[in-house]
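J.: Structure provided below as structure tokens; questions to follow.
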Amino acid sequence: MVKPLRLLLLILGCAMGCLAWAGEPVTWSFAANPASGDTVEIALSAACEPGWHIYALDLPSDAGPLPTVVQVDDGMGYHLVGAVIEPAPLEVIDPNFGMLVRYHGDRTIFTQAIRRDMDQAITVQGSVEFMACNDKTCLPPRQVEFKLEIPPLP
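As structure tokens, this is what we get:
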């Protein structure tokens, strides 16, 4: 009786490990890069596992996958400058949805410029909501929050 139970636990453990990996095909990193003068560029970088992708900020139709949503909160000591910028996405017919979509694979960086209103340290917060897919399946949308501490101006 012990051996079948061990085998069952081993199989369940392997299955859970596969599910855990499948849940993280996209990793995010966040950085604040000084630009010119009192402007700072917030960089939101997505790294996709091979074969996986995330969708662009703007999609041709509301009937298919969910677009990526980048939210940089307005905060004390700074204000947003312009809209979020994304690199040019690929445009393809998605086999999961059977429709034209725009997406980013491999590595992509979304940026949002902010302008400081004071010389003191500031905290920039926000989130990214995204949907990751490969050519066979899609994962449920996921939200990742970030918080960046930007040092005072010299």
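Here the sequence shown is numbered in this note's numbering, starting from 1149 and rising by one per residue.
Built from N, CA and C at the ideal position, the CB exists for glycine as well.
#1: Considering only the alpha carbon of each residue, which of R1250, V1232 and I1233 lies closest to V1240?
#2: Out of curiosity, what's the CA-to-CA distance linking L1279 and D1221?
#3: Do L1228 and Q1260 have their C-beta atoms closer together than 8 angstroms?
#4: With DSSP as the reference, please indicate the residues paired to A1261 in a beta bridge.
#5: In chain order, what are the residue ranges of uninterrupted beta strand (DSSP E) at least 3 long that sit wholly in the region 1210 to 1256?
#6: Would you mind stating whether P1235 and T1216 have Cβ atoms separated by less than 8 angstroms?
#7: Please identify the residue among G1185, D1206, P1300 and F1245 whose C-alpha is closest to the C-alpha of V1232.
#8: May I ask you to report which of helix, strand or coil DSSP gives P1289?
#9: Since A1179 is in the beta strand (DSSP E), which residue starts that stretch and which ends it?
#10: So who's on the other strand from S1199, going by DSSP bridges?
#11: Give the secondary structure of K1284 by DSSP, where H, G and I count as helix, E and B as strand, and everything else as coil.
#12: For Q1273, which residues does DSSP report across the bridge?
#13: Less than 8 angstroms between the CB atoms is what I'm expecting for A1194 and V1174, so what's the real figure, rounded?
#14: Could you give the distance in angstroms between the alpha-carbon of P1182 and the alpha-carbon of W1176?
#15: Tell me the DSSP secondary structure of A1194 in three-state form.
T.: With the given structure in hand:
#1: For the purposes of this step, residue 1240 is identified with residue 92 of the sequence shown, where counting begins at 1. For V1240, the closest of R1250, V1232 and I1233 by C-alpha to C-alpha distance is R1250.
#2: By one-based count along the sequence shown, residue 1279 stands at place 131. By one-based count along the sequence shown, residue 1221 stands at place 73. According to the sequence shown, residue 1279 is Met rather than Leu. Counting only the Cα atoms, D1221 lies some 21 angstroms from M1279.
#3: Here residue 1228 refers to the residue found at position 80 when the sequence shown is read from its first residue. Here residue 1260 refers to the residue found at position 112 when the sequence shown is read from its first residue. Yes, Cβ-Cβ distance for L1228 and Q1260 is below 8 angstroms.
#4: As a first step, residue 1261 must be located in the sequence shown, where it is residue number 113. In DSSP, A1261 forms a bridge with E1189 and V1229.
#5: Within the region 1210 to 1256, the complete beta strand (DSSP E) segments at least 3 residues long are 1217 to 1220, 1226 to 1233, 1238 to 1242 and 1247 to 1253, listed from N- to C-terminus.
#6: In the sequence shown, the residue the question calls residue 1235 occupies position 87. In the sequence shown, the residue the question calls residue 1216 occupies position 68. For P1235 and T1216, no; Cβs fall outside 8 angstroms.
#7: In the sequence shown, counting from the first residue as 1, residue 1232 sits at position 84. Comparing Cα positions, the closest option is D1206.
#8: Residue 1289 sits at position 141 when you count from the first residue of the sequence shown. Three-state result, P1289: coil.
#9: In the sequence shown, residue 1179 corresponds to position 31, counting from 1. Boundaries of the beta strand (DSSP E) harbouring A1179: V1174 to P1182, taken from the DSSP string.
#10: To locate residue 1199, count along the sequence shown from 1; it is residue 51. The residue asked about is misnamed: residue 1199 is Gly in this sequence, not Ser. Answer is none; G1199 lacks a bridge partner.
#11: As a first step, residue 1284 is located in the sequence shown; it is residue number 136 there, counting from the start. If DSSP states are grouped into helix, strand and coil, K1284 belongs with coil.
#12: Position 125 of the sequence shown, counting from 1, holds the residue named residue 1273. Answer is K1295, bridged to Q1273.
#13: As a working note, residue 1194 is residue 46 in the sequence shown. As a working note, residue 1174 is residue 26 in the sequence shown. Confirmed, about 6 angstroms.
#14: Residue 1182 sits at position 34 when you count from the first residue of the sequence shown. Residue 1176 sits at position 28 when you count from the first residue of the sequence shown. Between the C-alpha atoms of P1182 and W1176 there is a straight-line separation of about 20 angstroms.
#15: What you label residue 1194 is simply residue 46 of the sequence shown in a count that begins at 1. In the structure shown, A1194 sits in a strand (DSSP, three-state: E or B).
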